[in-house]
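A short worksheet on the structure shown next.
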Amino acid sequence: MSPATATPPAPVPVVAPPVAGRTSSPPPWYLVLPPLLCGLGVAIPLGYLAMRAFAADPGELAELLLRWRNVSLLANTLLLTVAVLAVTVALALPAAWLTVRADLPARGFFTLALVMPLAVPGYLMAYTLLAIGGNYGALAQLTGITAPRLSGFVGALVALSLYNFPYMLLNLRAGLITLDPAMEESARGLGLRPVAVFYRVVLPHLRPALLAGSLIVGLHVITDFGVVSLMGYETFSYALYAQYTAGMNPVYGAWIALMLLALAAAFIAIEIALLRGLRLHRTGATTTRRQRTVALGAWKAPALALLTLILLAAVAVPVATMSYWASRADLAALAPRLGSAVVDSLAVSIPAAVTATLLAMPVAFLARRYPSKRSLALERVSYLGYATPSLAFALALVVAGVYLPDGAYRWLYQELPVVLVYAYSLHFLAEAVGPVRAGLYQATPKLEEASRSLGHSQIATFVRVTLPLLRSGLVVAMALVFLSAMKELPLTFLLSPLGFDTLATNIWSHTREAMYAEAAPFALLIMLVSAAFVAVLLSHERHEA
Amino acid sequence: MPHRPCHPRHRAQAMKNVLLVLFALSLIVAFVLILILGRPGPADDELVLYAGRSRALIEPIVEQFQEQTGIRVRPRYGNTAELAMALREAGERARADVFWAQDAGGLGALVGAGLLSPLSDELLDRVEPHYRHPEGLWVATSGRARVLAYAPDRIDEANLPDSVFDLSDERYRGRVAWAPTNASFQAFVTAMRRQHGEEAARDWLTAMQANEPRAYANNTGILEGIAAGEVDLGITNHYYLLRRLAEDPDYPVAQRSFERGDIGNLLNIAGVAQLTAARNPDTAQQFIAFILSPEAQQYFASETMEYPVVESVESEAGVAGVAGGARPAPGDVAEAAPQVDLDELEDLEGTLRLLREVGLL
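What follows is the structure in structure tokens.
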């Protein structure tokens with residue numbers, strides 16, 4: 124259906140008509156089934172919330188929903204979201220370009236280190252930032268300088284940006300790696316200066332990656348509770364979550380979760396509107412070649428300084444604070460529990476990362492290659508699962524467990540982390556869909572068509588042609604889900620096997636009792652284990668890129 | 005579909021992908037096997053414990069119980085409110101025997117839903133009447149006092165308020181820390197509503213808000229705020245500072261109680277209950293009996309720095325003084341507490357409504 128002439132690669136994004144379907148034949152069943160199952164899985168919590176919400180008493184409900192305070196909380200949330208998005212893009216865009224395209228020294232180190240803030244649980248980032256300033260803060264004790272502590276809007280902005288910007292960075296990196304260098308060459312050949320090439324060619328092509336990153340970061344900010352409560356900045360989710368747990372009332376809790384979901388749905392709708400009609404793959408018949416590395420020259424020093432500064436704030440400060448706290452802990456006494464916490468954390472985070480990525484492939488593929496209202500809706504449902512407060516997600520699965528016979532319940536819930544892995548995979552599915560989708564935007568359907576015309580089945584084509592092109596996207600997808608699963612709390616508390624003991628639950632349980640010294644070794648381990656896992660993944664990405 | 009030969013490089017690539025997937029799957033299988041082999045199969049005499057108290061605090065007690073009785077405890081540690089909601093959602097089909105809650109509100113949510121079984125008189129009689137539910141549906145396991153924390157280098161002891169009601173005075177404008185979203189603060193407001201009436205509680209909250217207090221997420225946040233110099237006083241629970249001082253003797257915060265009987269000295273509790281869904285009621289009550297035994301109570305007094313609920317055990321957490329008197333002997337803080345029936349603290353709904361009404365939630 125598209126012209127088969129070997130035109131030179133287009134230097135600007137091709138804006139296609141609204142339905143840019145590659146093929147008009149219906150998708151095969153094996154492609155539809157997994158996304159459909161994901162949709163159902165995500166629909167369980169939504170159904171649960173709707174069921175509970177209907178039981179509300181109208182009078183009390185009106186009192187809860189129709190308050191002026193909700194409006195001011197909403198304004199606070201939107202302000203914080205926009206600010207965090209701006210800061211994360213400002214941090215991630217130069218960092219992504221430098222680590223992918225420039226002849227940066229120690230590129231591998233920076234690539235890995237810049238992802239590490241994701242390994243820091245949000246509330247821990249807030250704790251460490253709070254520990255710097257004030258009369259009794261680290262700064263005052265080390266240098267005698269008393270600076271006010273970060274708090275309120277600025278505190279929340281700094282903490283959220285520092286640990287969320289890697290989401291943006293990873294999406295942008297995946298976008299940059301798969302970007303076809305021929306387009307930039309054409310643009311340069313047509314006389315554009317390098318800066319203009321970046322703004323007029325590279326940046327527009329990064330739009331799917333930027334949007335995917337923004338969606339994840341935005342949903343994080345909207346649903347964050349830990350950071351904003353510690354910083355004392357009252358957002359919608361802060362007030363709502365406070366009532367959810369304070370009231371211990373599933374009915375009003377459900378309404379609160381639904382209000383939060385409505386906010387997230389609006390955010391998702393904006394992303395859809397901005398993505399509509401975008402098609403960025405090559406239209407020519409040739410394949411993407413290896414990218415040229417840009418020589419930084421005199422810019423090397425400032426570039427290194429910028430990345431080092433980011434790392435100091437986002438990684439060195441938490442690590443230094445944790446190390447200081449840990450120096451007061453009795454490590455020998457904690458050792459056995461540290462070991463079991465690492466095993467339990469990995470035992471759920473790795474399967475969750477793999478499962479979510481496997482599920483994300485058909486979801487993203489269906490939506491990209493068979494675009495229709497239905498397939499796109501299925502893809503978006505994964506984002507709703509992400510925006511469902513994890514406490515509501517967990518309660519829905521608790522309710523589902525009530526209907527299971529004792530034996531099944533015991534093995535799925537109490538003995539093995541089956542339901543926990545299932546919950547992680549579906550809750551964090553959106554984190555995997557984003558990078559896979561961004562990769563698919565760049566992988567041209569032409570290659571798949573060629574493979575099909577040579578007689579390969581669709582599955583063989585996917586495995587031999589599409590999958591290799593998707594590799595960096597898949598790597599990022601697995602890394603993101605893994606890091607989120609390592610930090611997750613409410614799902615872990617309510618759905619883990621009995622006696623389960625992850626690094627994150629240990630950090631939480633010690634910090635809430637003001638036992639910072641005991642919490643610190645667990646916090647250091649969560650960062651170390653995450654670093655090791657992401658290093659393995661990213662080394663694979665670099666090897667292939 | 006006819007299968008045609010393809011380029012060897014592609015085949016190698018495809019093989020590599022298949023191997024990757026197989027590798028991932030085998031990782032999953034390996035972990036599942038480790039978990040199955042690492043955990044002995046479930047036995048009928050095991051005890052499923054839902055614990056809203058921190059693992060770090062109560063695990064030694066749980067382990068002692070296992071050693072002494074040979075009964076295996078299968079714990080689920082978490083947040084009291086979240087566990088209470090999960091138990092409420094599962095109802096009669098909850099697969100749990102015992103719920104150990106951080107506060108009376110968490111227990112109250114289950115009393116309201118009719119999910120708790122009465123405990124035996126033998127158990128209930130071990131504690132004073134005000135430490136148990138009137139119908140015997142739960143029993144307290146340890147007490148925690150509300151206290152006034154302050155910065156001794158910025159406020160003179162003579163200038164500290166005698167009553168929690170004085171905190172709304174002009175002289176404390178902008179200097180007070182509180183944690184309106186915290187469960188123990190909310191329990192204190194419930195007690196104030198019960199003791200002094202709805203109006204008095206509303207007036208105090210409104211007067212406090214006009215006095216520009218600073219809100220923190222939780223009790224430890226209040227202490228950090230005082231140490232950082234952001235505020236000079238704060239209302240919190242007594243044991244956080246004691247633990248902080250144990251880690252760092254120079255920590256620049258002190259604490260004391262309000263005058264005797266003041267509602268600001270509320271003695272809050274952690275408590276334990278047996279679920280109606282319990283498969284093994286005898287084991288459940290055996291476990292509760294152990295928590296109330298002198299040795300477990302002594303552990304709370306000396307290790308977690310809380311107040312024991314059993315007469316025979318002496319508190320070691322009496323660091324705080326009481327307003328209007330000379331520095332009292334340890335244990336006096338519990339005596340300074342107001343007389344409030346703890347089951348009345350279950351009425352969270354009314355408190356939440358009030359907090360919403362004045363704009364604090």
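So the protein sequences, as listed, match chains A and B.
Using the numbering used here, read the first sequence as starting at 124 and increasing by one per residue.
Using the numbering used here, read the second sequence as starting at 5 and increasing by one per residue.
We treat Cβ as the ideally placed atom computed from N, Cα and C, and that holds for glycine.
As the structure is a prediction and not an experimental result, all values here were calculated from the model.
- Residues of the segment 68-96 of chain B with a C-beta less than 8 Å from any C-beta of chain A: 78, 79, 80, 81, 82, 83, 85, 86, 87, 88, 89, 90, 92, 93, 94, 95, listed in chain order.
- Residue contact with chain A for residue 274 of chain B: absent (no Cβ-Cβ distance below 9 Å to any residue of chain A).
- For residue 622 of chain A, the nearest beta carbon of chain B is closer than 9 Å to its own beta carbon.
- Boundaries of the beta strand (DSSP E) around residue 81 of chain B: 77-81.
- The C-beta of residue 33 of chain B has fewer than 16 other C-beta atoms within 10 Å across all chains shown, which makes the residue exposed.
- The beta-carbon separation of residue 304 of chain B and residue 298 of chain B, rounded to 11 Å, does not stay under the 8 Å limit for a contact.
- Under a 10 Å Cβ-count criterion, residue 598 of chain A is classified as buried, with 16 or more other Cβ atoms of the shown protein chains found around its own Cβ.
- Boundaries around residue 262 of chain A are those of the alpha helix (DSSP H), 261-266, since no beta strand (DSSP E) includes it.
- A distance below 7 Å between beta-carbons, with the five flanking residues on each side excluded, links residue 199 of chain B to the following residues of its chain, in chain order: 267, 342, 344.
- In the displayed model, residue 632 of chain A falls within a helix according to three-state DSSP.
- The segment 593-607 of chain A and the segment 652-659 of chain A touch, with no fewer than 3 CB-CB distances between them shorter than 8 Å.
- Assignment of residue 225 of chain A by DSSP, reduced to helix, strand and coil, places it in the strand class.
- Secondary-structure assignment with DSSP links residue 417 of chain A through a beta bridge to A/225.
- Counting only residues of its own chain and dropping the five nearest sequence neighbours on each side, residue 272 of chain A has a CB closer than 6 Å to the CB of 253, 256, 257.
- Near chain A, meaning a CB-to-CB distance below 7 Å, the residues of the segment 246-257 of chain B are 247, 248, 251, 256.
- The beta-carbon of residue 571 of chain A is placed no less than 9 Å from the nearest beta-carbon of chain B.
- In the DSSP secondary-structure assignment, residue 594 of chain A is not bridged to any residue.
- Residue ranges of uninterrupted alpha helix (DSSP H) with 4 or more members, entirely inside the segment 437-505 of chain A and ordered along the chain, are 440-449, 454-492.
- Residue 120 of chain B has B/279 as its beta-bridge partners, per DSSP.
- Where residue 148 of chain B is concerned, the enclosing beta strand (DSSP E) starts and stops at 143-154.
- Using a CB distance cut-off of 9 Å, residue 22 of chain B counts as an interface residue toward chain A.
- Residue pairing for residue 103 of chain B: DSSP places it in a beta bridge opposite B/54, B/277.
- What residue 473 of chain A touches in chain B, judged by beta-carbon distance under 9 Å, is 28, 31, 32, 35, going in chain order.
- Taking 9 Å as the threshold, the shortest C-beta distance from residue 150 of chain B to chain A does not fall below it.
- At a C-beta separation below 8 Å, residue 641 of chain A has these neighbours in chain B: 60.
- What residue 647 of chain A touches in chain B, judged by beta-carbon distance under 9 Å, is nothing: the nearest beta carbon there is about 17 Å away.
- Residue 65 of chain B and residue 628 of chain A have their alpha carbons spaced roughly 19 Å apart.
- Per DSSP, the beta bridge partners of residue 311 of chain B are B/147.
- Segment contact: the segment 170-187 of chain B against the segment 211-224 of chain B, three or more CB-CB distances shorter than 8 Å; contact assigned.
- Interface with chain B (9 Å Cβ-Cβ cutoff): residue 633 of chain A is included.
- What residue 369 of chain A touches in chain B, judged by beta-carbon distance under 9 Å, is 85, 109, 185, 186, 187, 190, 352, 355, 356, 359, 365, going in chain order.
- A/394 is the residue among A/283, A/434, A/394, A/617 whose C-alpha sits nearest the C-alpha of residue 500 of chain A.
- Contact with chain B is found for residue 518 of chain A, since one of that chain's Cβ atoms lies less than 9 Å from the residue's Cβ.
- Short of 6 Å from the beta carbon of residue 276 of chain A, and not among the five residues preceding or following it, lie these beta carbons of its own chain, in chain order: 356.
- Per DSSP, the unbroken alpha helix (DSSP H) holding residue 541 of chain A starts and ends at 541-550.
- The C-alpha of residue 220 of chain A is placed about 59 Å away from the C-alpha of residue 144 of chain B.
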